[in-house]
Amino acid sequence: MKNKVLKNIILIFLSFLVISAVFTLFNPQTLQKNKEVSLSSLSQEITQSSIKEIRVAGDKITATDNQGQKTISRKESGVSLNETLKGYGVSEDQIKAINITIEEEKQGLMGWLLPLSLILPVIIFALFFWVIARQAKGGGGGGLGFLKAPAKLFGDGKEEKKTEKVSFDDIAGVEEAKDEIKEVVDFLKNPKKYQTLGARIPRGVLLVGPPGVGKTLLARAVANEAKVPFFSIVGSEFIELFVGVGASRTRALFLEAKKHQPCIIFIDELDAIGKMRMPGVGGGHEEREQTLNQILAEMDGFERDTNIIILAATNKPESLDPALLRPGRFDRRVVLDLPDVKGREEILQIHCKGKPLDTSAKISEVAERTPGFSGADLANLVNEAAILTAKKNKAAISQTELLESIEKVLLGPERKSHLLSEKEKEISAFHEAGHALAAASLPHAEEVRKISIVARGMAAGYTLSLPKKEKRIKTKSEFLAELAVLLAGYTAERLTYKELSTGAANDLEKASELARDLVTKYGMAKFGPIVFGTRESMSFLGWEQETEKNYSEKTAAEIDEEVAKFIKEAENTAVRVLTQKKALLARIAKVLVEKETIEKEEFEEIIKK
Ligand code: ADP
Ligand code: MG
Ligand code: ZN
Numbered sequence: 013m014k015n016k017v018l019k020n021i022i023l024i025f026l027s028f029l030v031i032s033a034v035f036t037l038f039n040p041q042t043l044q045k046n047k048e049v050s051l052s053s054l055s056q057e058i059t060q061s062s063i064k065e066i067r068v069a070g071d072k073i074t075a076t077d078n079q080g081q082k083t084i085s086r087k088e089s090g091v092s093l094n095e096t097l098k099g100y101g102v103s104e105d106q107i108k109a110i111n112i113t114i115e116e117e118k119q120g121l122m123g124w125l126l127p128l129s130l131i132l133p134v135i136i137f138a139l140f141f142w143v144i145a146r147q148a149k150g151g152g153g154g155g156l157g158f159l160k161a162p163a164k165l166f167g168d169g170k171e172e173k174k175t176e177k178v179s180f181d182d183i184a185g186v187e188e189a190k191d192e193i194k195e196v197v198d199f200l201k202n203p204k205k206y207q208t209l210g211a212r213i214p215r216g217v218l219l220v221g222p223p224g225v226g227k228t229l230l231a232r233a234v235a236n237e238a239k240v241p242f243f244s245i246v247g248s249e250f251i252e253l254f255v256g257v258g259a260s261r262t263r264a265l266f267l268e269a270k271k272h273q274p275c276i277i278f279i280d281e282l283d284a285i286g287k288m289r290m291p292g293v294g295g296g297h298e299e300r301e302q303t304l305n306q307i308l309a310e311m312d313g314f315e316r317d318t319n320i321i322i323l324a325a326t327n328k329p330e331s332l333d334p335a336l337l338r339p340g341r342f343d344r345r346v347v348l349d350l351p352d353v354k355g356r357e358e359i360l361q362i363h364c365k366g367k368p369l370d371t372s373a374k375i376s377e378v379a380e381r382t383p384g385f386s387g388a389d390l391a392n393l394v395n396e397a398a399i400l401t402a403k404k405n406k407a408a409i410s411q412t413e414l415l416e417s418i419e420k421v422l423l424g425p426e427r428k429s430h431l432l433s434e435k436e437k438e439i440s441a442f443h444e445a446g447h448a449l450a451a452a453s454l455p456h457a458e459e460v461r462k463i464s465i466v467a468r469g470m471a472a473g474y475t476l477s478l479p480k481k482e483k484r485i486k487t488k489s490e491f492l493a494e495l496a497v498l499l500a501g502y503t504a505e506r507l508t509y510k511e512l513s514t515g516a517a518n519d520l521e522k523a524s525e526l527a528r529d530l531v532t533k534y535g536m537a538k539f540g541p542i543v544f545g546t547r548e549s550m551s552f553l554g555w556e557q558e559t560e561k562n563y564s565e566k567t568a569a570e571i572d573e574e575v576a577k578f579i580k581e582a583e584n585t586a587v588r589v590l591t592q593k594k595a596l597l598a599r600i601a602k603v604l605v606e607k608e609t610i611e612k613e614e615f616e617e618i619i620k621k
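Read in our numbering, the sequence shown has 489 at position 477, and its numbers run on one by one without any break.
If you want it as C-alpha cells, here you go:
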C-alpha cells in the first residue's frame, strides 16, 4: 500500500518533468529561428527598398526581404503599421511598394501555453489527491471510503471461492449447535411461516465456545447454505485509529444490510468490541462503547418484519456487556463445546478425507487419546501427520505419524538436537519416572500414556497422562492426586540425589496455581463454599486483567496458609509413594535412559513385575 502511494508520487513527479521539458522545447524563444530586428533597422531596410513583403499579425511584423530572408520585428500595439513606419521616416510611396498583408492575430504557442501553465498544476494536484483518496479506501466499498464497513458480502451477492465453500457436513461434533443454527436459517427462508403464528424472529444469535471449536466455520457454512446475502466482519475491524469510525462503519453496514433483506450479518470475535463497558480507562474504551451503542441502537431499531439476523461469535462471553445479551438483541445463545470422543473421531475423519491413510491408521484410537483437543487442534494434528509422512518419504499416513503428531500439537516439536549430557539425562529420567510412578500408584490420578526424556517444545522431558474416562467435572480427590503427581518429579530428584534442579520449575508453578485455585475458586479448603477475588478489572495502564482483592489481609494470610498446606500434603503423598517403591523408580529411570521413550504398554509391563 505504502509502496503504491510512493510509486504514484514518483509517476506524478515524472509527468511533471516531461511536461516542463515540453514547455521548454516549444517555448517561443527557442522556437524562433528567425532573426529579430528593431523597428528602426526595419524602417531603414524599407527605405533602401530591400523589403518585398510584410505580414502583420497583431503586433508582430514578419518582413521578407528580396532574398527571401525573413526578419521579425514588433510594433507598439494599438498603432497602425503605416503610422509606425511613417514615424520612422518611411515615405508613403515606399510603404505602398511593399506587399502588406494584415493577418488575423495568430494564437501563438504562448497564447495557450500561458493559461495551460496555470491550469495544469491544479489538474495535477487534483489527480494526486484522487489517487491518494482511492488508495485510502483500500479497494473496499466505495463512496464514503473507509468510513464504510469493510464487511465482506457472500452468498447471493458474490460467490465464495469453490475451495472455501463449507457445508454443514464439514462440521462435526457440535450437533446441537448445528441444529439450532439450521432452525435460524429456516426463519430467514420461510419468514411467513413464523410470522403468521406471531413468532418473533430472533434478531441476534451468539455463538459461544472456546477457540478453535468451529464458530467461524459454522458461520461460513451458514453463509453457504442459507442462500441469502451474508455480511461478514471481524469485531476488531470496527476499531480503528480514529474515534468514531467504528460507529460510522456500523451504521453503513446495517444500512447496506437493510437493502439486501433477508440477510445475515456475521460479526466474528464480538468480544473485540463488546467488552464490558468500564468507566474511565483509556480512549480505546470510548471507541468501543460508541461502536457497541451503535450496534445496540441498530438492533433495537429493527422493525418487526425486518428480516436480518445477526450472528456473532465469541470465546469470552463473560466479558461481553450484559446489555448485548438482553432479549431483542443477542437473545439466542448457541454453545459450541470441545468435542467428545465421538465428535473428535468425526472431525478427524473429515480432515483425513482426501489424504492417503495407511491400513495401520486407527482414527478411533487417535480420538481416544486426544481429550481436550479442539477441532482446530485436530485439523492441525492431521496436517502435522501428513507433513511428517512426507518428510519420511512415505506414501500413506500411518498410525505412528498420527500418534507422534498428538505430542507435537500438545508440546511442540521434538528437539532431538537438544542433547543432554549423561548426568542431565539421568536426572531427567528420575524426574519423569517420579511423575509416572506417582500417577500409576494413586487411584485418582490420570493414566500414564507415554514417558519421554526427549526435549519437546519448552519441556526437557514429559510424561503424558490422560484421564481414564472423559469427563466434564473434576473431584477434589482427583485434584489432590494431580498435585501429588505434579510434585513427584521434584520429589524423585530430591530423594535420589539429595539435590534439586531447575527442571521442576514448571511443575511447581502449575502446582502452586492449582493449589490456589482449590482454595480461592473451588471452595475446597477450610473456608467452605466461598470464592475469593472475583471482581476483575482492567489494570490501569495495560490490558491485563487484574483480580481485585475482596477480602481482608487476615484472610489473605489464611489463604496463603491453606495453599501451603495443600502443597505440603501433596509432597508428603509423593514422598510416601516414591520411598515405598524406590526400586521400581530406579528401574523405570534406567529403562528411560536407555530407550528415551516408554509407551503405555511397556510402562505397565515394568510396574507389574
Ligand atoms: P473458532 O471457533 O475459533 O472460530 P474456527 O471455526 O476458526 O474456530 O476453526 C478453525 C479450524 O479448525 C477450522 O477451519 C476447521 O478446519 C477446524 N475445525 C474446528 N472445529 C471443527 C469442527 N467442529 N469440525 C471440523 N473442523 C473443525
Ligand atoms: Mg473464529
Ligand atoms: Zn516434571
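No residue lacks a Cβ here, since even glycine has one placed at the ideal position from N, Cα and C.
Considering only the alpha carbon of each residue, which of Ile600, Lys72, Ala388 lies closest to Glu116? Residue numbering aside, residue 116 sits at position 104 when the sequence shown is read from its first letter. The option with the nearest alpha carbon to Glu116 is Lys72.
Three-way DSSP call (helix, strand, coil) for Gly216 in this model: For the purposes of this step, residue 216 is identified with residue 204 of the sequence shown, where counting begins at 1. Gly216 falls in the strand class under three-state DSSP.
Closer than 6 angstroms from C-beta to any heavy atom of the ligand MG: which residues, in chain order? Residues flagged by the Cβ proximity filter: Lys227, Thr228, Asp280, Ala325.
Quick check: does the Cβ of Ile183 come within less than 6 angstroms of any heavy atom belonging to the ligand ADP? Translated into positions along the sequence shown, residue 183 becomes position 171. Yes, the beta carbon of Ile183 sits closer than 6 angstroms to at least one heavy atom of the ligand ADP.
Proximity of Phe266 and Glu310 at Cβ, strictly below 7 angstroms: Position 254 of the sequence shown holds residue 266. Position 298 of the sequence shown holds residue 310. It is a contact, given that the beta carbons lie within the stated cut-off.
Please report the straight-line C-alpha distance between Gln81 and Ile66, rounded to a whole angstrom. On the sequence shown, residue 81 is found 69 positions in, with the first residue counted as 1. On the sequence shown, residue 66 is found 54 positions in, with the first residue counted as 1. Their backbone Cα atoms lie some 12 angstroms apart in a straight line.
Helix, strand or coil, according to DSSP, for Leu520 in the structure here? If you number the sequence shown from 1, residue 520 lands on position 508. Helix.
Distance, Asp370 Cα to Phe158 Cα: Position 146 of the sequence shown, counting from 1, holds the residue named residue 158. Position 358 of the sequence shown, counting from 1, holds the residue named residue 370. Low local confidence applies: a pLDDT of 49 at Phe158 is under 50, so the model's placement there is unreliable, with the coordinate-based value given in what follows. Take the alpha-carbon of Phe158 and the one of Asp370: they are about 51 angstroms apart.
Using DSSP bridges, identify the partner residues of Arg468. Here residue 468 is taken as the residue at index 456 of the sequence shown, counted from 1. Looking at the DSSP assignment, Arg468 forms a beta bridge with Glu426, Ala471.
Span of the alpha helix (DSSP H) holding Asp343? Numbered from its first residue, the sequence shown carries residue 343 at position 331. First-last for Asp343: undefined, no H or E at that position.
Would you list the residues sitting across from Val460 in a DSSP beta bridge? Mapped onto the sequence shown, residue 460 falls at position 448. Bridge pairing for Val460: Ser477 [DSSP].
If you draw a straight line from the alpha carbon of Lys607 to that of Gly216, how long is it in whole angstroms? Sequence index remark: in the sequence shown, residue 607 carries index 595 (1-based). Sequence index remark: in the sequence shown, residue 216 carries index 204 (1-based). The C-alpha of Gly216 is placed about 57 angstroms away from the C-alpha of Lys607.
Between the CA atoms of Val394 and Cys364 - distance to the nearest angstrom: As a position in the sequence shown, residue 364 is number 352, starting the count at 1. As a position in the sequence shown, residue 394 is number 382, starting the count at 1. Their backbone Cα atoms lie some 7 angstroms apart in a straight line.
What are the boundary residues of the beta strand (DSSP E) that includes Ser53? Within the sequence shown, residue 53 is the residue found at index 41, counting from 1. In the DSSP assignment, Ser53 falls outside any beta strand (DSSP E) and lies within the alpha helix (DSSP H) extending over 51 to 59.
Residues near the ligand ZN, criterion Cβ-heavy atom distance below 5 angstroms: Those residues are Gly501, Asp519, given in chain order.
Cβ-heavy atom distance, Pro223 to the ligand ADP, below 6 angstroms: Counting from one through the sequence shown, the residue named residue 223 turns up at place 211. For Pro223, the shortest separation between its Cβ and any heavy atom of the ligand ADP lies below 6 angstroms.
Alpha helix (DSSP H) segments (min. 4 residues) lying fully within the region 88 to 145: The qualifying runs are 93 to 99, 104 to 108.
Three-way DSSP call (helix, strand, coil) for Phe552 in this model: Stepping through the sequence shown from its first residue, residue 552 is reached at position 540. For Phe552, the predicted model reports a pLDDT of 44, less than 50, meaning its position is unreliable; a value from the coordinates is still stated below. In the structure shown, Phe552 adopts coil according to DSSP, grouped into three states.
Measure how close the beta-carbons of Leu390 and Leu415 come, nearest whole angstrom, since I'm counting them as under 8 angstroms. Walking along the sequence shown from the start, residue 390 turns up at place 378. Walking along the sequence shown from the start, residue 415 turns up at place 403. Actually they are not in contact, since the Cβ atoms of Leu390 and Leu415 sit about 13 angstroms apart, beyond 8 angstroms.
For the structure I just gave you, are there three or more beta carbon pairs, one from the region 492 to 508 and one from the region 523 to 537, closer than 8 angstroms? Verdict: yes, contact present.
Hey, is Val587 close to the ligand ADP, as in C-beta under 6 angstroms from one of its heavy atoms? For the purposes of this step, residue 587 is identified with residue 575 of the sequence shown, where counting begins at 1. Not under cutoff, so the answer is no.
Considering only heavy atoms of the ligand ADP, does any lie closer than 6 angstroms to the CB of Ile642? As displayed, the chain neither begins before 13 nor continues past 621, which places residue 642 out of reach and without an answer.
Cβ of Val186 versus every heavy atom of the ligand ADP: is any distance shorter than 6 angstroms? Translated into positions along the sequence shown, residue 186 becomes position 174. Of the heavy atoms belonging to the ligand ADP, at least one sits nearer than 6 angstroms to the Cβ of Val186.
Just tell me which of Ala450, Lys488, Tyr474 has its CA closest to the CA of Thr503. For this step, residue 503 is matched to residue 491 along the sequence shown. Thr503 has its Cα closest to that of Ala450, out of Ala450, Lys488, Tyr474.
Is Ile22 near the ligand ADP, going by C-beta to nearest heavy atom under 6 angstroms? Here residue 22 corresponds to residue number 10 of the sequence shown, with the count starting at 1. In terms of side-chain proximity, the C-beta atom of Ile22 is found no nearer than 6 angstroms to any non-hydrogen atom of the ligand ADP.
Taking Gln56 as the reference, give the member of Gly70, Val68, Ala75 with the closest Cα. For the purposes of this step, residue 56 is taken as the residue at position 44 of the sequence shown. Nearest C-alpha to Gln56: Ala75.
Considering Thr585, what are the terminal residues of the alpha helix (DSSP H) in which it resides? Position 573 of the sequence shown, counted from the first residue, corresponds to residue 585. 565 to 592 is the extent of the alpha helix (DSSP H) around Thr585.
Please state if the CB of Ala452 and the CB of Ile619 are separated by a distance shorter than 7 angstroms. On the sequence shown, position 607 is the one that residue 619 refers to. On the sequence shown, position 440 is the one that residue 452 refers to. In contact: Ile619 and Ala452 (Cβ atoms closer than 7 angstroms).
Hey, quick one: how far does the beta strand (DSSP E) through Lys72 stretch, first residue to last? As a first step, residue 72 must be located in the sequence shown, where it is residue number 60. It spans 72 to 77 - the beta strand (DSSP E) in which Lys72 sits, taken as one unbroken run.
To the nearest angstrom, report how far apart Ser248 and Thr262 are at their CA atoms. The sequence position of residue 248 within the sequence shown is 236, counting from 1. The sequence position of residue 262 within the sequence shown is 250, counting from 1. Roughly 12 angstroms separates the two Cα atoms.
Of the listed residues Gln273, Arg356, Ala325, nearest to Asn319 (C-alpha basis): Along the sequence shown, one-based indexing puts residue 319 at 307. Residue nearest to Asn319 within the set Gln273, Arg356, Ala325 is Gln273 (criterion: CA-CA distance).
Looking at Gly7: is its Cβ nearer than 7 angstroms to the Cβ of Ala517? What the structure shows of the chain is the stretch from 13 to 621, and residue 7 is not part of that stretch, so it cannot be assessed.
Taking 6 angstroms as the cut-off, is the C-beta of Ile362 nearer than that to any heavy atom in the ligand ADP? On the sequence shown, position 350 is the one that residue 362 refers to. Yes, the ligand ADP has a heavy atom inside 6 angstroms of this Cβ.
Phe615 - DSSP class collapsed to helix/strand/coil: As a first step, residue 615 is located in the sequence shown; it is residue number 603 there, counting from the start. In this structure, Phe615 counts as helix in the three-state DSSP scheme.
Best match in Lys435, Asn584, Val197 for proximity to Pro241 [C-alpha to C-alpha]: For the purposes of this step, residue 241 is taken as the residue at position 229 of the sequence shown. Val197 is the residue among Lys435, Asn584, Val197 whose C-alpha sits nearest the C-alpha of Pro241.
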